[in-house]
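**Q** One structure, pasted below without further comment.
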Amino acid sequence: MEQYVIKGGIPLVGEVEIGGAKNAALAILAASIMTDETVTIDNLPDVRDINALLQAMEDIGAKIDRIDAHAVKVNGSFVRDVPVDYESMKKIRASYYLLGSLLGKYKRAEVTLPGGCNIGSRPMDLHIKGFRALGAHVEIRNGAVAAEAERLVGSHIYLDKVSVGATINIMMAAAMAEGKTTIENAAKEPHVVDVANFLNSMGANIRGAGTDVIRIVGVEKLHKTEYSVIPDQIEAGTFMFAAAATKGDVMVRNVIPKHLEATTAKLLEAGCEVEEFDDAVRVVASKPLRHMQVTTLPYPGFPTDMQPQMSVLLGIAEGTSTVTESIFENRFKYVDELARMGADIKVESNIAIISGIKNYAGARVSAPDLRAGAALVIAGLSAEGITIVDDIHYIQRGYEVFEEKLKGLGAQIEKVSSEKEIQKFRLKVS
Ligand code: UD1
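Residue numbering for the sequence shown follows the numbering used here, starting at -2 and increasing by one per position.
If you want it as structure tokens, here you go:
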């Protein structure tokens, strides 16, 4: 089991390069098998979730050629009509995107139903509602979602709740349905737009992605393309918050500043300086952090995937703050871990009430999920003393060479896998 060991209290200073967006890349990879021609995708992050999805795609017959760590050629002409099994689904929840892509292309798909996960129950009713509206017969069979259609026919679909996954899944299936589909109350996240742009580059006809009404005219066939994934707004936001929590000065490069507006706005409100460039943002934190109220919302609201990082920051801000989680019901699991570092946080229903303390104190903590894991690393970076973060396999699902990038900013952090290595680190930094 690997861990991070961190000696905190050093302001992060320097430049960091952001990789491709994991959540855009997952959907784009799943969509890449919708043509029989070879698709080239680059700016992929080299993280566990991506590699797990590529494996799931190989398991159903897709031909995957790695060009390098961040680029891949995919050929979907060998995809077989086999269910995407439990093992794949367990490793990577986003293999549910294969439902939309396989249903669109072959009019048949079967994917094991994802179980609950660490941040909430995460139902798929809206995905299923959309597939049914397109004329598919969908049933839950032996723990799997099985969808089948003689013909997929365009339809008018209203999503009762804004869902990134359902919007993308329905968009993929509708791209190869007959006639027009309208998705209302669609998710507007940058990765929804990226997937639409990708499908359009394959010959699809999708308009309106990035607004809450997406209009799709189905096409019979999609063709090859070469595509580069957008930068990861959550990785970028995580480094921006790490800069703020350590009182640092960090230039975050290879970003689309527009995608970071909610994060930037909240950092300004907390008293940081944020300077925007064409493809970079610089965060400087020289003043005491101020308390505030935050609510997670679908894009362009403050992202739920930045909620734990936000709580960590407010944990050392002056005064009392509240963080309201409106997307997932179980996303405060990290609070108990943070309390071991001295945080004063009470959770009532979906609201965390945070009384700022002066500083965290290093402790041994466990990453409960991907983003909360990254947030605990930020707490460790700002803490007095040494923090050990266990279960970093969660963090590795979505952050490429996290510790290397942090070291590049002056952090004292090591990836270790034994008590002996932890002792060695203690001696080195003492
Ligand atoms: C995606 C992201 C995840 C992010 C989330 C919200 C990927 C791989 N994951 O997850 O990192 O935290 O968006 O920005 O891109 N819901 C339903 N029924 C459904 C589908 C969703 O009720 O059929 C609910 C969910 O329980 C949740 C809300 O809708 O309360 C939003 O979920 P959704 O946007 O679908 O999240 P994901 O696509 O799973």
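Backbone N, C-alpha and C fix where the C-beta goes; we use that ideal spot for every residue, glycine too.
For R63 versus I231, is the C-beta spacing smaller than 9 Å?
**A** no
**Q** CB I38 to CB E223, shorter than 9 Å?
**A** Cβ atoms of I38 and E223: closer than 9 Å.
**Q** Taking the alpha carbon of S352 as the reference point, which residue from V36, E315, E416 has its own alpha carbon closest?
**A** The closest CA to that of S352, considering only V36, E315, E416, is found on E315.
**Q** Does F422 come within less than 9 Å of chain E when only Cβ atoms are used?
**A** The structure shown contains no chain E, having only a single protein chain.
**Q** By alpha-carbon positions, which one of R250, K88, E322 ends up nearest to E12?
**A** It is R250.
**Q** Please confirm whether any heavy atom of the ligand UD1 lies closer than 8 Å to the CB of S308.
**A** The closest heavy atom of the ligand UD1 lies 8 Å or more from the beta carbon of S308.
**Q** Does any heavy atom of the ligand UD1 sit closer than 8 Å to the C-beta of D191?
**A** No, Cβ of D191 sits at least 8 Å from all heavy atoms of the ligand UD1.
**Q** Take Q393 and list the residues in its own chain whose beta-carbon comes closer than 6 Å to its own, dropping the five residues that flank it on each side.
**A** R45
**Q** Rank G395, A358, Y391 by C-alpha distance to the C-alpha of I3 and give the top, closest one.
**A** A358
**Q** I believe E55 touches I61 by the beta-carbon criterion, under 8 Å. Please report the beta-carbon distance rounded to the nearest angstrom.
**A** That belief holds up - the Cβ atoms of E55 and I61 are roughly 5 Å apart, short of 8 Å.
**Q** Let's test the definition: count the other Cβ atoms within 10 Å of the Cβ of G0 and tell me whether it reaches 16, buried, or not, exposed.
**A** Sequence inspection shows Gln at residue 0; the Gly mentioned does not correspond to that position. It is buried - the Cβ of Q0 has at least 16 other Cβ atoms within 10 Å.
**Q** Between the C-alpha atoms of P187 and L196, what's the straight-line distance to the nearest angstrom?
**A** 14 Å
**Q** Taking only the alpha-carbon atoms, compute the straight-line gap between D82 and T317 and give it to the nearest angstrom.
**A** For D82 and T317, the distance between alpha carbons rounds to 47 Å.
**Q** Return the CA-CA distance between G5 and G339, expressed in angstroms with no decimal places.
**A** 14 Å
**Q** With a threshold of 16 other CB atoms inside 10 Å of the CB of F274, please say whether the residue is buried or exposed.
**A** exposed
**Q** Would you say the beta carbon of H188 comes nearer than 8 Å to a heavy atom of the ligand UD1?
**A** yes
**Q** Going straight from the alpha carbon of I137 to that of Y396, what length do you get?
**A** 33 Å
**Q** What first and last residue would you give for the beta strand (DSSP E) that runs through K177?
**A** Element bounds for K177: 177 to 181.
**Q** When the distance is taken between beta carbons, is V210 closer than 9 Å to T261?
**A** No; because the gap between Cβ atoms is not below 9 Å, this pair is not in contact.
**Q** Using 8 Å as the Cβ pair cut-off and three pairs as the minimum, do the region 146 to 162 and the region 117 to 135 touch?
**A** yes
**Q** Assuming L9 and V398 are in contact, meaning their beta carbons sit under 8 Å apart, how far apart are those beta carbons, in whole angstroms?
**A** 15 Å between Cβ atoms; not a contact.
**Q** How long is the line joining the alpha carbons of M289 and I383, rounded to whole angstroms?
**A** 28 Å
**Q** Can you tell me where the beta strand (DSSP E) with T319 in it begins and where it stops?
**A** Boundaries of the beta strand (DSSP E) harbouring T319: 317 to 321, taken from the DSSP string.
**Q** Please list, in chain order, all residues of the same chain as T293 whose beta carbon is under 6 Å from its beta carbon, the five residues on each side excluded.
**A** F299, T301, Q304, E322, S323, I324
**Q** Counting only runs of 4+ residues fully inside the region 160 to 205, write out the alpha helix (DSSP H) ranges in chain order.
**A** 161 to 172, 187 to 198
**Q** Give every residue of the same chain whose Cβ lies closer than 7 Å to the Cβ of T130, excluding the five residues on either side of it in the sequence, and list them in chain order.
**A** According to the sequence provided, residue 130 is Ala. The question's Thr does not apply to it. Excluding sequence neighbours, A130 sits near S152, I154.
**Q** For L265, count the other beta carbons within 10 Å of its own beta carbon; 16 or more makes it buried, fewer makes it exposed. Which is it?
**A** exposed
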